[in-house]
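Presented below is the structure to which this report refers.
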Ligand code: SF4
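Numbering (my numbering), first residue to last: 3 to 396.
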């Protein structure tokens with residue numbers, strides 16, 4: 003499936019059929035109430051054997067994770083898939099940009115399947131290629147484009163990664179964002195006035211990394227709003243900025259708030275607040291520890307029995323950590339239930355449907371990236387792999 007530039011429509015204002023991609027699953031989707039779903043998934047996996055490799059993102063439901071051959075974050079999973087060239091089918095239980103990354107990093111003979119094509123990512127959808135190209139042109143008009151290095155988070159569409167590849171930029175994960183930013187600033191360090199970074203699409207990861215890890219002043223960052231002419235910024239504001247943060251965020255991590263941190267600290271003296279860097283800057287400032295999903299998992303594994311933790315990341319992962327560590331008290335850093343709704347579209351009926359179709363010789367919901375986009379995206383991904391030091395996981 004190729005992705006076109008899909009406009010975001012305000013709720014209730016029109017309808018874009020192209021944007022409602024993949025909501026229909028051809029053939030019969032098993033009923034969620036079917037008591038035989040677990041047995042059917044097991045049988046289909048056994049029938050496919052080594053021909054299929056099922057990837058499960060940390061934020062997936064337990065009912066799906068139980069069938070994953072490997073679990074992890076998006077970049078680890080894409081690399082795991084690339085390390086299994088014998089697997090004809092990669093069934094990615096994650097979201098669309100992850101399946102695209104897997105398609106880019108695996109061989110042309112491997113086919114990547116996303117059990118429900120409507121499993122997108124609201125953050126990735128906040129940066130459309132046309133919007134980013136418009137911003138890039140506006141930066142040329144403002145006379146600063148030559149000083150700007152685009153850096154995109156792994157959580158972006160393949161065409162945004164390709165844009166970065168074409169324009170001297172790089173991909174980063176939440177683990178290596180600091181190293182990627184250092185690299186980006188070095189690329190234009192020779193220019194009078196130094197380099198600027200256009201950070202896509204998550205303003206929070208960009209801000210948290212720049213301010214907390216690199217010591218860049220909060221005021222040296224501006225937010226580029228793609229829905230406003232000129233990003234909603236004056237030419238002077240853009241010229242004076244070092245970090246141009248795209249106005250995007252994760253709808254899950256953006257929910258965590260400082261007042262819940264205060265509330266939990268009052269309720270549980272000695273509690274440790276552990277959050278993902280996609281959380282708002284104000285929340286990260288109040289946390290004890292901040293890091294990627296892999297960091298969160300390792301921190302809890304290494305924690306002393308009897309310790310108390312509030313975790314600010316997707317609820318499926320927090321619940322699994324709480325179940326796996328009954329010797330520690332683990333609570334969710336939000337008053338309400340807060341799953342990633344798009345991740346949760348991948349449920350057991352969709353997994354069974356995808357696997358049984360593969361058994362029958364039909365590849366459904368294949369995600370492919372066109373060769374030109376793939377080549378440019380690989381340039382930006384390779385620059386990330388060539389970065390010194392830190393882990394490349396998100
Ligand atoms: S948790 Fe956030 S960043 Fe991850 S897939 Fe869901 S919306 Fe996207």
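By construction, the Cβ of each residue, glycine as well, lies at the ideal position given by its N, Cα and C atoms. Since we're looking at a predicted model, the values are computed, not measured.
- Straight-line measurement puts the Cα of residue 179 at about 16 Å from the Cα of residue 251.
- In the assembly as shown, residue 365 is an exposed residue. Its beta-carbon has fewer than 16 other beta-carbons within 10 Å.
- With contacts defined by Cβ atoms closer than 8 Å, residue 56 and residue 93 form a contacting pair.
- Bounds of the alpha helix (DSSP H) holding residue 357 are 350–361.
- Counting only runs that start and end inside the region 21–95, the alpha helix (DSSP H) elements of at least 4 residues fall at 39–50, 64–67 and 76–84.
- Non-local beta-carbon contacts of residue 87 in its own chain, meaning distances under 6 Å to residues more than five positions away in sequence, involve 109 in chain order.
- Assignment of residue 240 by DSSP, reduced to helix, strand and coil, places it in the helix class.
- In the three-state reduction of the DSSP assignment, residue 157 falls in the coil class, being assigned neither a helical nor a strand state.
- In this structure, residue 115 sits near residue 368, with a CB-CB distance shorter than 8 Å.
- Uninterrupted alpha helix (DSSP H) stretches at least 4 residues long and entirely within the region 110–169 occur at 124–127, 131–143 and 160–168, given in chain order.
- In the three-state reduction of the DSSP assignment, residue 191 falls in the coil class.
- Residue burial is scored here from C-beta neighbours: residue 182 has at least 16 other C-beta atoms within 10 angstroms and is therefore classed as buried.
- Residue 223: member of the beta strand (DSSP E) spanning 223–226, first to last residue.
- Separation of residue 374 and residue 274 (C-alpha to C-alpha, rounded to the nearest whole angstrom) is 46 Å.
- Inter-residue distance for residue 241 and residue 156 is about 27 Å (C-alpha atoms, whole angstroms).
- Considered as a whole, the region 261–330 harbours 274–277 and 310–314 as its complete beta strand (DSSP E) runs of no fewer than 3 residues, in chain order.
- Pairing residue 79 with residue 361 gives a Cβ-Cβ distance that is not under 8 Å.
- Segment contact: the region 112–127 against the region 154–172, three or more CB-CB distances shorter than 8 Å; contact assigned.
- Under DSSP, no beta-bridge partner is assigned to residue 185.
- Between the region 196–210 and the region 92–107 there are fewer than three inter-stretch CB-CB distances shorter than 8 Å, so the stretches are not counted as touching.
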